[in-house]
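**Student:** Before I ask anything, here is the structure I am working with.
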Amino acid sequence: AQSVTQLGSHVSVSEGALVLLRCNYSSSVPPYLFWYVQYPNQGLQLLLKYTSAATLVKGINGFEAEFKKSETSFHLTKPSAHMSDAAEYFCAVSDQGLTGGGNKLTFGTGTQLKVEL
Amino acid sequence: DTEVTQTPKHLVMGMTNKKSLKCEQHMGHRAMYWYKQKAKKPPELMFVYSYEKLSINESVPSRFSPECPNSSLLNLHLHALQPEDSALYLCASSHGGTTYEQYFGPGTRLTVT
Chain A
48 AQSVTQLGSH VSVSEGALVL LRCNYSSSVP PYLFWYVQYP NQGLQLLLKY
98 TSAATLVKGI NGFEAEFKKS ETSFHLTKPS AHMSDAAEYF CAVSDQGLTG
148 GGNKLTFGTG TQLKVEL
Chain B
123 DTEVTQTPKH LVMGMTNKKS LKCEQHMGHR AMYWYKQKAK KPPELMFVYS
173 YEKLSINESV PSRFSPECPN SSLLNLHLHA LQPEDSALYL CASSHGGTTY
223 EQYFGPGTRL TVT
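Structure representation (structure tokens):
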């Protein structure tokens, strides 16, 4: 079964500092990996996705993530944090697709990012 | 346009009420999903519809009844809910092919009294 582990349920950074949110995956097949962001009382917004085309993936809002097979990691980074980045971040892995169509996402437990002045 | 819409935004219902949640997407996606999310937790998958057919029911109690009237619409009918069913209910959709990202709606905040 596929799974993801997010290290650190809470991360706090200063505005302008590097953001690093950690995600490690477990998968017996090449994974499809995603990062989502959720602002309070809102749905999940897709930040970026890895689908084996390139190991360094650029997403929205200045975020990027690097797929490292040797480390089974897909950490999310942003060079300079902004107050508006404060939110919950979820890493997710997809299965290879359901027989009838669609797919199952398995989410990590989430990391709450706090950005301080 | 990657928009999934959900109505209502908020819903308060008693344990004997019947209500419905509605989800709509116009991206031509063939798969649609219902998730339940409790505070400070990741979303939990409830149902998957693919090509308007129910393909996954994650052992959800029968007081939740999904319906997919057409490829753009997904409903969740609620009846005799319990207070522990209070949560954020999220709808999502995906292309259903080899691109596996799911696009989420804003959710319905449900409170059962």
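Chains A and B, in that order, give the protein sequences.
Heads up, the final residue of the first sequence is numbered 164 in our numbering, and it's a clean run with no missing numbers.
Heads up, the final residue of the second sequence is numbered 235 in our numbering, and it's a clean run with no missing numbers.
We treat Cβ as the ideally placed atom computed from N, Cα and C, and that holds for glycine.
Note that the structure is predicted; figures quoted are calculated from it, not measured.
#1: What are the residues in the stretch 140 to 152 of chain B lying within 8 Å of chain A by C-beta distance?
#2: So with Cβ pairs under 8 Å, would you call glutamate 223 of chain B a contact of chain A?
#3: Write down the C-beta distance between alanine 209 of chain B and valine 126 of chain B rounded to the nearest angstrom, noting that I regard them as a contact closer than 8 Å.
#4: Among residues of its own chain, excluding the 5 on either side of glutamine 159 of chain B, which ones have a beta-carbon nearer than 8 Å to its beta-carbon?
#5: Below 8 Å, how does it come out for the stretch 191 to 207 of chain B and the stretch 137 to 145 of chain A: are there three or more Cβ pairs, yes or no?
#6: Could you give the uninterrupted runs of the beta strand (DSSP E) lying entirely in the stretch 119 to 144 of chain A, keeping only those of 3 residues or more?
#7: Quickly, what does DSSP pair threonine 153 of chain A with across the bridge? List them, please.
#8: Report the residue from A:Ser120, A:Gly148, A:Leu164 and A:Ser131 whose alpha carbon sits nearest the alpha carbon of glycine 74 of chain A.
#9: Indicate the three-state DSSP secondary structure (helix, strand or coil) for glutamate 113 of chain A in the structure shown.
#10: So, is the C-beta of glutamine 89 of chain A closer than 8 Å to a C-beta in chain B?
#11: Give the C-beta separation of valine 58 of chain A and leucine 65 of chain A to the nearest angstrom, bearing in mind that I take them to be a contact with Cβ-Cβ under 8 Å.
#12: When you check each C-beta in the stretch 164 to 191 of chain B against every C-beta of chain A, which residues fall closer than 8 Å?
#13: Where does asparagine 88 of chain A sit, in a helix, a strand or coil, going by DSSP?
#14: Of all Cβ atoms in chain B, is any one closer than 8 Å to the Cβ of serine 75 of chain A?
#15: Which of the three DSSP states is assigned to proline 188 of chain B in this structure?
#16: Within the continuous beta strand (DSSP E) that includes isoleucine 178 of chain B, where are the two ends?
#17: Does the beta carbon of leucine 212 of chain B sit closer than 8 Å to a beta carbon anywhere in chain E?
#18: Listing by chain order, which chain A residues have their CB less than 7 Å from the CB of serine 216 of chain B?
#19: Are the beta-carbon atoms belonging to cysteine 70 of chain A and glutamine 53 of chain A less than 8 Å from one another?
#20: Apart from the five residues just before and just after asparagine 179 of chain B, which ones in its own chain have a Cβ nearer than 7 Å to its Cβ?
#21: Going by Cα to Cα distance, which pick from A:Ser99, A:Leu94 and A:Glu135 is closest to glutamate 111 of chain A?
#22: In terms of residue numbering, what span does the beta strand (DSSP E) encompassing arginine 152 of chain B cover?
#23: Quick one: is proline 130 of chain B near chain A, going by C-beta distance under 8 Å?
**Tutor:** Taking the coordinates as given:
#1: So the list reads Arg152, given in the order they occur along the chain.
#2: Glutamate 223 of chain B counts as touching chain A.
#3: With 8 Å as the limit, alanine 209 of chain B and valine 126 of chain B do not qualify as a contact, their Cβ atoms being about 18 Å apart.
#4: Answer for glutamine 159 of chain B: Pro165, Glu166, Ala209, Leu210, Tyr211, Leu212 and Gly229, listed in chain order.
#5: Result no; under three Cβ-Cβ pairs closer than 8 Å.
#6: Here the runs fully enclosed are 120 to 125 and 134 to 141.
#7: Per DSSP, A:Val140.
#8: Reading the sequence as shown, one finds serine at residue 74 of chain A and not glycine. Answer by Cα proximity: A:Ser120.
#9: In this structure, glutamate 113 of chain A counts as strand in the three-state DSSP scheme.
#10: Closer than 8 Å to the CB of glutamine 89 of chain A there is at least one CB belonging to chain B.
#11: Here valine 58 of chain A is actually not in contact with leucine 65 of chain A; their C-beta atoms are around 11 Å apart, not less than 8 Å.
#12: Identification of residues in the stretch 164 to 191 of chain B having a C-beta nearer than 8 Å to some C-beta of chain A yields Pro164, Pro165, Leu167, Val170, Tyr171, Ser172, Tyr173, Lys175, Ser177 and Ile178, given in sequence order.
#13: Look at asparagine 88 of chain A here: in three-state DSSP terms it is coil, with no helix or strand label.
#14: With a threshold of 8 Å between beta carbons, serine 75 of chain A makes no contact with chain B.
#15: Of the three classes helix, strand and coil, the one that applies to proline 188 of chain B here is strand, per DSSP.
#16: Per DSSP, isoleucine 178 of chain B belongs to the beta strand (DSSP E) from 175 to 179.
#17: Looking at the structure shown, chain E is missing, and the protein chains on hand are A and B.
#18: What serine 216 of chain B touches in chain A: Gly149 and Asn150.
#19: For the pair cysteine 70 of chain A and glutamine 53 of chain A, the CB atoms are nearer than the 8 Å cut-off.
#20: Counting only Cβ-Cβ distances below 7 Å, and skipping sequence neighbours, we find Phe169.
#21: Between glutamate 111 of chain A and the set A:Ser99, A:Leu94 and A:Glu135, the nearest pair of CA atoms involves A:Leu94.
#22: In the DSSP assignment, arginine 152 of chain B falls outside any beta strand (DSSP E) and carries neither an H nor an E.
#23: Between proline 130 of chain B and chain A, the shortest Cβ-Cβ separation is not below 8 Å.
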